[in-house]
Each structure stands twice: as structure tokens, then as C-alpha cells.
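Number of protein chains: 2
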Amino acid sequence: MTAAKIDLPVHRIRAYMEPGPIVLVTSAHDGERNVMTMGWHLVMEFSPSLIGCVIAGGNHSFDLVRASGECVINIPTVSMVDAVVGIGNSSGRDVDKFAHFGLATDRAVEVAAPLLRDCHANLECRIFDDALVDRYNFFILEVVRAHVARTPKNPETLHYTGDGVFVRAGRTISRRADFRPALLGNGR
Amino acid sequence: MTAAKIDLPVHRIRAYMEPGPIVLVTSAHDGERNVMTMGWHLVMEFSPSLIGCVIAGGNHSFDLVRASGECVINIPTVSMVDAVVGIGNSSGRDVDKFAHFGLATDRAVEVAAPLLRDCHANLECRIFDDALVDRYNFFILEVVRAHVARTPKNPETLHYTGDGVFVRAGRTISRRADFRPALLGNGR
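Quick mapping for you: the protein sequence lines, in order, are chains A and B.
Mapping the first sequence onto our numbering, position 9 (from 1) lands on 9, and the numbers just tick up by one.
Mapping the second sequence onto our numbering, position 94 (from 1) lands on 94, and the numbers just tick up by one.
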């Protein structure tokens, strides 16, 4: 973990994942490691802190995540768009993407997969439920540790639409005053 | 369906859902109807066109979706933020949200739940797999019909972070020239 990041209580990761950014998933197993792009994910529960996601069965990362039972979800900002595109268009079977794209890493606390230093958030995850992996490649992950950058508070993130096109999100709109107190924080 | 909307092949709805917007889910059963906000969803497959989502068990909509086996996912634009907040902060058990928030509706083609006219996309859905509903309130839906506005091509959408704050997404970045052809279109 870099000094620029702080621990976030894992039940609060919704703020980072619910907006739906493209993410970079790092994995490691038995001396191998990889990184892939992922756009198919959702928040499923606050506590335990659960994220569901689809990792295509043909991907090298699928094998590493399934075998190790772990991964890290890293959230890039708009400035990393070229690395995101490059990672999504290459296979860890052919190239060491960390070296090829110059990705600086840090050690995770709970899992073997590395943290991507330049991402503004890193979520260390363990597989929580694999009931739908065989049928849909759908993993339910528990976030066991979360590291987030202190600044900026609302970095611009990338959201993938397919066909090589992203939309960028960043400007906020607060309607906090219009919410029932029970629905703020972690209530739904 | 309004004249301003066209049918979209259902395998192409990824462009609308993968970026992660907050959506409005309409449902109808046995003379009752309701609308709720939903931020916990993901794309799961192109064909069949599958979306996974969490609908909290205490919600009136949960009962209507489960009993009818159907719903419509409606994607609002930034201009609808006040309706989105109001819908998320009231219960269909207490108020007719359609009347209260002045929501114009159109008839769906395949399902009983109504389409929200002012949303820029409406996805008619049927429950495809309820294996994880009891454990996680997680529904796998098949999109059976999709209606999308002709213009604008990239409307600004709302993405929820919790705590009453949304981020807005709209400006696009194309990196289409950097993608392997197999990964464009519906490939991953």
C-alpha cells in the first residue's frame, strides 16, 4: 500500500463500484500473475461486502482467480485509458502485461494478487460463492480489504459501452437533502 | 412505444447497461404496479441477453417482480434526477408513484409492466433464473425487447455513489482504432 492511500471500511466500497466503472482485475497463482479489464460487475451486499462479476471462461485470469480463490479489483481513472485499452486487447498467456504496460504494483495485505499503484482504489477480494461460475462465469467475491486514494475525492472514471467507446463520469450532483435518513449511508 | 423510440436488437443493450447507470424498474401484477430505483445490476451475457440485479426483499417491487416474473428496466437521463430521488425515497405501498411523480407511461410489447416514456431506453425483461433470489435477492433477467430513443446518441446518465450523491456520465472517449476486431461489437 502506498502512503497516498488509506484503508476504507469494506462496507463503504459501494461508493466506488456502484457507479459502474471499468475495472482492472489482478490475480496471482503458483508463480503466475495477470491483469484483465472487467466491466460486468455489481454490488450485492454491504456486510459482508459482496461484489458479483463475470470473468469469461476463456481468460487466463479466470484460471488464476478460480485456482487461487482471490483477486484484486483496481479502479483506474481516465488518465489510464491507454493502459486499460491495451490490457483489454492482450492476453496474459502471450505477454507479461505488468512489464509491457509499465504497471507499478504494491503488495496486498490479505491476498497474493498485486495492487495497481496508479489506480485510485484497490479492493482485495476472496471468492465468497461460486455457485454460478460453471453456468454463467459469475463469481461472488467478498471484499476483505480496501485501499483508496486520499485525493482527488471524485476522480474521473471510465465506463465502457462496447465498440471501443467509453463514457467518462466525474461531475457530481448531490441530492442528499432530499433523502430519507434511513436511505443514506449504508441503508438502501 | 413512442414514435421517438426504435427497437434495438436485445444483444446490443450492453451499450446502455454496462456503463452502470441508475435505472428505474417498473413492475405490474394482479392490478398493482410500481416503480423503484436500482443501482445494483450487471450485464451477464449477450445472447440470450442477460442482466443480473439485486432487488431488496423488503421492497414492494420485489413481490411484484417475483409474482409476475417480469419487469421493465428504464434508463433515465440527468434531467430526471428529481423523479429518480423521489422514487427512491418513497414506497409503492404508500403512494401511487406514477401519479405522484407525473410519470408518463406506454404499453410494453412483451410484458405487463409499463414503459416510462421519458426514459431514454426501456428494456422489457422476464426472469431467466431465480437460483440466487432466496439467498441474495439476485435475479437473472432476460431482456426480451428493447426500445431506445433515437436522439441524443449519448445522453447524460446518473450513476449512484450512495449518500445522496450521483456522478454524471456523458462525454465519450473512443479508442476504437486500438481494439482487436474480435473484441469489438459483441465480442469480449
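Note that the Cβ used here is the ideal one computed from N, Cα and C, for glycine as well.
Measuring alpha carbon to alpha carbon, tell me which residue in the options is nearest residue i.
i               : options                          : result
L42 of chain B  : B:L115, B:I13, B:L184 and B:T26  : B:I13
Y136 of chain A : A:F46, A:A177, A:I55 and A:Y16   : A:I55
V111 of chain A : A:V144, A:A149 and A:T105        : A:V144
P9 of chain A   : A:V167, A:A121, A:S79 and A:R176 : A:A121
S90 of chain B  : B:G58, B:G31 and B:T151          : B:G58
F166 of chain A : B:I173, B:V95, B:R93 and B:D82   : B:I173
R180 of chain B : A:E32, A:D178, A:G164 and A:R180 : A:G164
W40 of chain A  : A:E32, A:G31 and A:P21           : A:P21
Could you check what DSSP says for residue i in three-state terms: helix, strand or coil?
i               : result
S174 of chain B : strand
I13 of chain A  : coil
T2 of chain B   : Because T2 of chain B sits at a pLDDT of 46, beneath the cut-off of 50, its placement in the model cannot be relied upon, and the point is left open.
L50 of chain B  : strand
V214 of chain B : For residue 214 of chain B there is no data in the structure shown, the boundaries of chain B being 1 and 188.
L184 of chain A : coil
E78 of chain A  : Note that residue 78 of chain A is Val in the sequence shown, not Glu. Helix.
Taking residue i as part of the alpha helix (DSSP H), name the residues at either end of that continuous run.
i               : result
K5 of chain A   : K5 of chain A -> not in any alpha helix (DSSP H); beta strand (DSSP E) instead, spanning K5 to D7.
A99 of chain B  : K97 to H100
D134 of chain B : V133 to Y136
Quick one: residues in its chain with C-beta nearer than 8 Å to the C-beta of residue i, no 5 flanking neighbours on either side, listed in chain order?
i               : result
V197 of chain B : There is simply no residue 197 of chain B to check, as chain B begins at 1 and stops at 188 in what is shown.
L141 of chain B : L50, I51, G52, C53, C71, I73, C125, R126, I127 and F128
P19 of chain A  : T157, H159 and A169
V81 of chain A  : L158 and F166
R176 of chain B : L184
P76 of chain A  : P21, I22, V23, L24, A83, V84, L116, D118, C119, H120, T157 and L158
Can you give me the C-alpha to C-alpha distance between residue i and residue j, rounded to a whole angstrom?
i               : j               : result
G102 of chain A : E45 of chain A  : 34 Å
K97 of chain A  : T37 of chain A  : 12 Å
R107 of chain A : R117 of chain A : 10 Å
H11 of chain B  : P152 of chain A : 37 Å
H29 of chain A  : R150 of chain A : 30 Å
V23 of chain B  : V78 of chain B  : 11 Å
A15 of chain B  : G162 of chain A : 6 Å
P155 of chain B : T105 of chain A : 36 Å
G69 of chain A  : D130 of chain A : 10 Å
C119 of chain B : D94 of chain B  : 24 Å
G88 of chain B  : A99 of chain A  : 46 Å
V25 of chain B  : M17 of chain A  : 20 Å
G92 of chain A  : D7 of chain A   : 29 Å
D178 of chain A : A182 of chain B : 46 Å
Can you name, in chain order, every residue of its own chain whose Cβ lies under 6 Å from the Cβ of residue i, other than the five neighbours on each side?
i               : result
S27 of chain B  : N34, S61, L64, V65, C71 and A113
G86 of chain B  : F101
P48 of chain A  : E142
A83 of chain A  : F101
R188 of chain A : Because the pLDDT of R188 of chain A is 39, which lies under 50, any placement of that residue in the model is unreliable, and the number read from its coordinates should be weighed accordingly. No residues qualify anywhere along the chain.
List, in chain order, every chain D residue whose beta-carbon is nearer than 7 Å to that of residue i.
i               : result
H159 of chain A : Of the chains in the structure shown, none is chain D; the protein chains are A and B.
I'd like the span of the beta strand (DSSP E) that includes residue i, first residue to last.
i               : result
V85 of chain B  : It is not in any beta strand (DSSP E) - V85 of chain B instead sits in the alpha helix (DSSP H) that spans V81 to G88.
L42 of chain B  : H41 to E45
V72 of chain A  : E70 to I75
T37 of chain B  : E32 to M38
C119 of chain B : Element bounds for C119 of chain B: n/a, residue is neither H nor E.
S27 of chain B  : V23 to H29
T157 of chain B : T157 to Y160
What residues in its chain sit with their C-beta under 7 Å from that of residue i, if we drop five residues either side in the sequence?
i               : result
E32 of chain B  : L64
R171 of chain B : none
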